[in-house]
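Residue numbers (our numbering): 185 to 318. Worksheet for the structure shown next.
If you want it as structure tokens, here you go:
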């Protein structure tokens, strides 16, 4: 079951420049992390109960670099919180939704994540998130 919007991922060429824009709006960066496995540097900006995640490629091989090369900067994905990620993936697949990730992987903020393919979601890359239990 989908509970809420977790974050909106925005692909940017220059993370520091993008952060500067959001600071002009009065927003503050909660933190910056590098995800070597995904070749991306991410800045987290809370806006109410939702975060904006600014995504900067750390390699020309990263999905973010390829996205920007093909489509330019902009919204990369929307992430939705779910109570049970494994069940959400099983249900999505049974409904004919094409999965990018058949099994969850580790994400930021102590979450497990998986992506649904834009071919099945009207062109929007959707990320499903589940808070890991401690």
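Beta carbons: idealized from backbone N, C-alpha and C, even for Gly.
{"Item": "Assumed close pair residue 282, residue 303 - CB separation to whole angstroms, cut-off 8 Å", "Value": "5 Å"}
{"Item": "Element boundaries [beta strand (DSSP E), containing residue 186]", "Value": "186 to 196"}
{"Item": "Residue 311 vs residue 263 beta-carbon contact at 8 Å", "Value": "yes"}
{"Item": "Contacts around residue 316, its chain only, beta-carbon distance under 8 Å, and the 5 residues preceding and following it disregarded", "Value": "294, 295, 296"}
{"Item": "Straight-line Cα distance separating residue 254 from residue 222", "Value": "18 Å"}
{"Item": "Other residues of its chain near residue 288: CB distance less than 8 Å, five sequence neighbours each side excluded", "Value": "269, 270, 273, 296, 297, 298, 314"}
{"Item": "Continuous beta strand (DSSP E) stretch holding residue 292: start and end", "Value": "First-last for residue 292: undefined, no H or E at that position."}
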